[in-house]
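Colleague: Below are the structure tokens for one structure; questions will follow.
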Amino acid sequence: MPDKKMKCLNIIAMKKIFTLLFLAGISLSISAQEVKLNTNLAIEADGTMRMDDAATVWDDLRVTLDKGANAATLGYLAGSSGPQIWYFRDNNSLESMSFTVQLPHSWKEGTAIYPHIHWTPNESLSGNVEWNFDYTWANYESASPVVFPTLTTSTVVSTGPFTANTHLITPLTPGNAGLTATGKKISSILICRIWRNSSNTADTYNAYAGLLFIDFHYQLDTFGSREEYVK
Numbered sequence: 004m005p006d007k008k009m010k011c012l013n014i015i016a017m018k019k020i021f022t023l024l025f026l027a028g029i030s031l032s033i034s035a036q037e038v039k040l041n042t043n044l045a046i047e048a049d050g051t052m053r054m055d056d057a058a059t060v061w062d063d064l065r066v067t068l069d070k071g072a073n074a075a076t077l078g079y080l081a082g083s084s085g086p087q088i089w090y091f092r093d094n095n096s097l098e099s100m101s102f103t104v105q106l107p108h109s110w111k112e113g114t115a116i117y118p119h120i121h122w123t124p125n126e127s128l129s130g131n132v133e134w135n136f137d138y139t140w141a142n143y144e145s146a147s148p149v150v151f152p153t154l155t156t157s158t159v160v161s162t163g164p165f166t167a168n169t170h171l172i173t174p175l176t177p178g179n180a181g182l183t184a185t186g187k188k189i190s191s192i193l194i195c196r197i198w199r200n201s202s203n204t205a206d207t208y209n210a211y212a213g214l215l216f217i218d219f220h221y222q223l224d225t226f227g228s229r230e231e232y233v234k
């Protein structure tokens, strides 16, 4: 008798749950063991949650900068004390910083990624800053290792006038088109360099450009990958 009562209570509880889901506008459809919560959110047969179309979300892929030959110069943000940042100087020469990026397992493979630079001018002046972004991008393939291709350079110009010590963001691809990622996979690597050559004709800002941060906007469609090296 207690078992029958418990079974009835379970049935009533399930009815209430489905009623609440219906009232909330959430429809459930089950196909080949995949459960869809509305159109764009799915629970796959193995339990993986997948976000489709409008349900995909964005995040920052952050990088750590390394200096090498012709490196930018550390300088105080203001005055002669306090925190320091990397400055690309107005000294009629090329200055650069390098970094590498690994695409995370949460990335929606094949979707464009959008590099951009957070920076600050150190003087209030007119003029333009020309930013140059070099990169080479290769997948990881254990059976047939991939050779990194020839460097690609993307050049953009940030137009002044500028106000000293303001936080600016400049996309590192023209029109913020992003980097095409057709065929690219999780754990692929980009080797990159950001540089300024203040002697270039397009660079007319006669002061320092301070680098605050570089990151990539990218789309996520899962919390991780289903296998260690396979999405």
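Each residue of the sequence shown is one higher than the one before, counting from 4 in the working numbering. Note that the Cβ used here is the ideal one computed from N, Cα and C, for glycine as well.
1. How long is the line joining the alpha carbons of PHE151 and GLU133, rounded to whole angstroms?
2. Measuring straight from C-alpha to C-alpha, what distance separates ALA57 and ILE116?
3. Would a C-beta distance cut-off of 9 angstroms place ARG92 and SER201 closer than the cut-off?
4. Helix, strand or coil for GLY78? Go by DSSP, reduced to three states.
5. Is ASN135 near the ligand SAH, in the sense that its beta carbon is under 8 angstroms from a heavy atom of that ligand?
6. Got a sec, what are the start and stop residues for the beta strand (DSSP E) GLU126 sits in?
7. Mapping the DSSP letters down to three states, classify ASP206 as helix, strand or coil.
8. Please check the pair HIS170 and HIS220, which I expect to be a contact at CB under 8 angstroms, by giving their CB distance rounded to whole angstroms.
9. Is the stretch 130-149 touching the stretch 34-48 in the sense that three or more CB pairs, one from each, lie closer than 8 angstroms?
10. In chain order, what residues of the same chain lie with their CB nearer than 6 angstroms to the CB of LYS188, ignoring the 5 residues before and after it?
11. Run through DSSP, which three-state label would GLY235 get?
12. Could you give the first and the last residue of the continuous beta strand (DSSP E) run that contains SER161?
13. Between which two residues does the beta strand (DSSP E) containing ASN200 stretch?
14. Do you know whose CA, among VAL233, ALA180, THR204, TRP198, lies nearest THR114's CA?
15. With the cut-off set at 9 angstroms, would you say GLN105 and SER161 are in Cβ contact?
16. How close, in whole Å, do the beta carbons of ASP137 and ARG196 come, if the pair is a contact with beta carbons under 8 angstroms?
17. Let me know if ALA146 comes out buried or exposed under the rule of 16 or more other beta-carbons within 10 Å of its beta-carbon.
18. When the Cα atoms are used, what is the spatial distance from GLY82 to THR153?
19. Contact between the stretch 66-82 and the stretch 222-230: three or more CB pairs below 8 angstroms?
20. So, helix, strand or coil for ALA57, using DSSP?
21. Among ASN125, PRO118, GLU98, which has the Cα closest to the Cα of ALA210?
22. Alpha carbon to alpha carbon, what distance is there between SER157 and ALA48?
23. So, at 8 angstroms on beta carbons, what are the nonlocal neighbours of GLY85 in its own chain, with the 5 sequence-adjacent residues on each side left out?
Modeller: Taking the coordinates as given:
1. In the sequence shown, the residue the question calls residue 151 occupies position 148. In the sequence shown, the residue the question calls residue 133 occupies position 130. Near 26 angstroms, if we compare the C-alpha coordinates of GLU133 and PHE151.
2. Translated into the one-based positions of the sequence shown, residue 57 becomes position 54. Translated into the one-based positions of the sequence shown, residue 116 becomes position 113. In this structure, the CA atom of ALA57 is about 17 angstroms from the CA atom of ILE116.
3. As a position in the sequence shown, residue 92 is number 89, starting the count at 1. As a position in the sequence shown, residue 201 is number 198, starting the count at 1. It is a contact, given that the beta carbons lie within the stated cut-off.
4. Here residue 78 is taken as the residue at index 75 of the sequence shown, counted from 1. In this structure, GLY78 counts as strand in the three-state DSSP scheme.
5. This structure lacks the ligand SAH, and indeed carries no ligand of any kind.
6. If you number the sequence shown from 1, residue 126 lands on position 123. It is not in any beta strand (DSSP E) - GLU126 carries neither H nor E in the DSSP assignment.
7. For this step, residue 206 is matched to residue 203 along the sequence shown. Coil, per DSSP.
8. Looking up residue 170 in the sequence shown gives position 167. Looking up residue 220 in the sequence shown gives position 217. Wrong, their Cβ atoms sit about 17 angstroms apart, outside the cutoff.
9. no
10. The residue given as residue 188 occupies position 185 in the sequence shown. GLU112, ASN142, listed in sequence order.
11. Given a span of 4 to 234 for the chain in the structure shown, any question on residue 235 remains unanswerable.
12. For the purposes of this step, residue 161 is taken as residue 158 along the sequence shown, with counting starting at 1. Under the DSSP assignment, SER161 falls in the beta strand (DSSP E) whose first and last residues are 155-162.
13. Locating residue 200 in the sequence shown gives position 197, counting from the first residue. Its beta strand (DSSP E) spans residues 192-200.
14. Position 111 of the sequence shown holds residue 114. Looking only at VAL233, ALA180, THR204, TRP198, the smallest Cα-Cα distance to THR114 is reached by ALA180.
15. In the sequence shown, residue 105 corresponds to position 102, counting from 1. In the sequence shown, residue 161 corresponds to position 158, counting from 1. Cβ atoms of GLN105 and SER161: not closer than 9 angstroms.
16. What you label residue 137 is simply residue 134 of the sequence shown in a count that begins at 1. What you label residue 196 is simply residue 193 of the sequence shown in a count that begins at 1. The pair is a contact, with the Cβ atoms about 4 angstroms apart (cut-off 8 angstroms).
17. Here residue 146 corresponds to residue number 143 of the sequence shown, with the count starting at 1. ALA146 comes out exposed.
18. For the purposes of this step, residue 82 is taken as residue 79 along the sequence shown, with counting starting at 1. For the purposes of this step, residue 153 is taken as residue 150 along the sequence shown, with counting starting at 1. Rounded to the nearest angstrom, the two C-alpha atoms are 42 angstroms apart.
19. no
20. Taking the sequence shown and counting its residues from 1, one reaches residue 57 at position 54. Under the three-state reduction of DSSP output, ALA57 falls in the helix class.
21. One-based indexing of the sequence shown puts residue 210 at position 207. Selected option, being the one with the closest Cα: ASN125.
22. The residue you call residue 48 lines up with position 45 of the sequence shown. The residue you call residue 157 lines up with position 154 of the sequence shown. Distance between ALA48 and SER157, taken at the CA atoms: about 42 angstroms.
23. As a working mapping, residue 85 is identified with position 82 in the sequence shown. Only TYR79 meet the Cβ criterion.
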